[in-house]
Amino acid sequence: MTDASELRLGAIAAGGKRAIARALAAIERERESPAVEALLDEAYRSARAHVIGITGPPGVGKSTLVNVMAARWRAAAITVGIIAVDPSSRVSGGALLGDRTRLASDPADSGLYFRSLAARGRLGGLADLAFPAVVLFRALFDRVLVESVGVGQSEAEITAVADTVMLCVQPGSGDSLQFMKAGIMEIPHLAVVTKADVGAAARRAEADIKGALSLAMPMGRAVDVLGISATSGDGLERLDQALEAHWQHLGSHDRLETGRQQQAESWLRDLVRTEYGRRGEEAASVSLRLPRGVAPFGHAERLLASLELRRLPL
Ligand code: GDP
4 MTDASELRLG
14 AIAAGGKRAI
24 ARALAAIERE
34 RESPAVEALL
44 DEAYRSARAH
54 VIGITGPPGV
64 GKSTLVNVMA
74 ARWRAAAITV
84 GIIAVDPSSR
94 VSGGALLGDR
104 TRLASDPADS
114 GLYFRSLAAR
124 GRLGGLADLA
134 FPAVVLFRAL
144 FDRVLVESVG
154 VGQSEAEITA
164 VADTVMLCVQ
174 PGSGDSLQFM
184 KAGIMEIPHL
194 AVVTKADVGA
204 AARRAEADIK
214 GALSLAMPMG
224 RAVDVLGISA
234 TSGDGLERLD
244 QALEAHWQHL
254 GSHDRLETGR
264 QQQAESWLRD
274 LVRTEYGRRG
284 EEAASVSLRL
294 PRGVAPFGHA
304 ERLLASLELR
314 RLPL
C-alpha cells in the first residue's frame, strides 16, 4: 500500500514527476483504497485544466503535433500533462504505445509530464483507468492532452475523458469520405488537417472535410476546420486560438460542468456494469446519477459496497 501522506494532492503537486508516477501507480493498483479514493475526489473537485483529446488514424501526425503543442505551451509557462491511450491494445498488446516514449520530455521539467496507458486485457476497458488518470492530471496541470494512439473506438474513448475533441485528418487519405460514411462517429469540436506543408493535397482535404462536416452536422453546430503543419509551424497560432475559443464556450452556460458530470456518470456506469453486469446496473439505477457537485470515486465505492451486500445470499 502506498503511504497515504504521499497521496495528498498538495504533496503530489509539490513532489514533481516521481510523486506523479507514484500516484498513478497507486491509482492503477489500489483505486478502491480509501486514500486513493480521497485523492481522486479531491482532484475531481480541484480541476483546473482544459482537457483536449486528439484522435485520428495512425500516421496522421498526432504525436508530432502533441510534442509541438506541448513545447509551445511550455515556452509560455503553461504546464502540460500528456496521456497517450491505446484503446486497441487488447488486440495489439499495447504495441502502438511502444515507441511513444520518444516524446522529448525534460526530466527536470515538472511542468511537463507524459504517461501512456494501454487497455491490455483490462476488464473495464481503458476508460476504467483513463478517467481517474485524467481527473488527477486536470488538477495538477494547466492543460491536459489525451492522445488516442489506437484505432477503432478511439473517438468514443476520448469523448469519455476530454472537454474538447480534436480530429486529425491526413491530406490525400480520403479520411473525410470515411468520416462522412461513418455517420455514427462522434462529431469532434475541431477538425485539423495535418501536414499543411504538403500543399495542394492539404487544401483539398480541408475543403473535403468542411463539406463532410456540413452534411454530418446537427443544425446550429459549427466545427472549425484548420490546416496546420507541425513541422513548419503554420496554423499553430490559429489552433491555439480555436482551442481557447472552445474553452471559453464551455465555460459559458455550464457546459463544462455538465460534460464532466456526464463523463463521471458514464465511468460509474461502466464500473458497475463490469463488476455486476446489467442486473447490477438495474439494481443501482438512480445511484448511477451523480448529484450535482458530488465527486464520483467515494460514491462509486459506497455504491459497489451496497451492491455487494445485495448479492449476498440471505
Ligand atoms: P501519429 O501516428 O498520428 O502519431 O503520427 P506521427 O506524429 O508519428 O507522424 C507520422 C509521420 O508524419 C512522421 O513521419 C512525421 O514525421 C510526419 N509528420 C508529422 N507532422 C508532419 C507535418 O506537419 N508535416 C509533414 N510533412 N510531415 C509530418
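Here the sequence shown is numbered in the numbering used here, starting from 4 and rising by one per residue. C-beta atoms are modelled at their ideal positions from N, C-alpha and C, and glycine is treated no differently.
Relative to the C-alpha of residue i, which candidate in the options has its C-alpha closest?
i: V149; options: W76, T5, L253 and S119; result: S119
i: A287; options: G296, A50, L307 and I190; result: L307
i: S176; options: L10, D211 and R77; result: D211
i: A7; options: I57, E160, I23 and P37; result: P37
i: I231; options: P60, L218, D109 and V172; result: V172
i: N70; options: A233, A79 and A245; result: A233
i: V152; options: A24, S66 and R281; result: S66
i: D131; options: L218, L42, A163 and L216; result: A163
Taking Cβ positions, are residue i and residue j nearer each other than 8 Å?
i: F144; j: Q266; result: no
i: E160; j: V83; result: no
i: A136; j: L27; result: yes
i: E209; j: V228; result: yes
Measure the C-alpha to C-alpha separation of residue i and residue j and round it to an integer number of angstroms.
i: D86; j: E31; result: Residue identity differs from the one stated: residue 86 is Ile in this sequence, not Asp. Spanning the two alpha carbons is a distance of roughly 14 Å.
i: A46; j: G283; result: 27 Å
i: L310; j: D44; result: 21 Å
i: V63; j: G202; result: 15 Å
i: L242; j: R292; result: 35 Å
i: Y116; j: R34; result: 21 Å
i: V275; j: G301; result: 14 Å
i: D102; j: R313; result: With a pLDDT of only 47 at D102, under 50, the local geometry of the prediction cannot be trusted, and the value read off the model is given with reservation. Rounded to whole angstroms, D102 to R313 spans 46 Å at the Cα level.
i: R207; j: V196; result: 10 Å
i: E260; j: R295; result: 9 Å
i: G19; j: Y279; result: 38 Å
i: L10; j: M220; result: 44 Å
i: A248; j: V226; result: 12 Å
i: R21; j: S113; result: 9 Å
i: I190; j: S269; result: 18 Å
i: E304; j: R272; result: 12 Å
i: A199; j: G254; result: 31 Å
i: P174; j: G214; result: 15 Å
i: A297; j: A204; result: Ala is not the amino acid found at residue 297; the sequence shown has Val there. When rounded, the distance between both Cα atoms is 49 Å.
i: R77; j: L246; result: 16 Å
i: D257; j: R141; result: 18 Å
i: R224; j: L68; result: 26 Å
i: A79; j: V168; result: 23 Å
i: E285; j: I23; result: 36 Å
Is it buried or exposed, residue i, if we count other Cβ atoms within 10 angstroms and call 16 or more buried?
i: F170; result: First, the residue type needs correcting, since residue 170 is Leu and not Phe in the sequence shown. By the 10 Å Cβ count, L170 comes out buried.
i: I193; result: A small fix is needed here, since residue 193 is Leu in this sequence, not Ile. So L193 ends up on the buried side.
i: E40; result: buried
i: V289; result: exposed
i: D166; result: buried
i: M72; result: buried
i: L139; result: buried
i: A111; result: exposed
i: A29; result: buried
i: P299; result: buried
i: G236; result: exposed
i: P61; result: exposed
i: G56; result: buried
i: G59; result: buried
i: L218; result: exposed
Within the same chain, show all residues whose beta-carbon is closer than 8 Å to that of residue i, passing over the 5 residues directly before and after it, in chain order.
i: R263; result: A50 and D166
i: G13; result: none
i: H252; result: R258
Which same chain residues, not among the five before or five after residue i, have their C-beta less than 7 Å away from its C-beta?
i: A16; result: L143
i: R75; result: L239
i: R396; result: The chain is shown only over 4 to 317; residue 396 falls outside these bounds and no answer can be derived.
i: I81; result: D145 and R146
i: L216; result: A194, V226 and V228
i: R48; result: A298
i: G281; result: According to the sequence provided, residue 281 is Arg. The question's Gly does not apply to it. Excluding sequence neighbours, R281 sits near nothing in its chain.
Leaving out the 5 sequence neighbours to the left and right, which residues in its chain are closer than 6 Å to residue i when beta-carbon positions are compared?
i: W250; result: H53
i: T5; result: A29
i: L42; result: L10
i: D109; result: none
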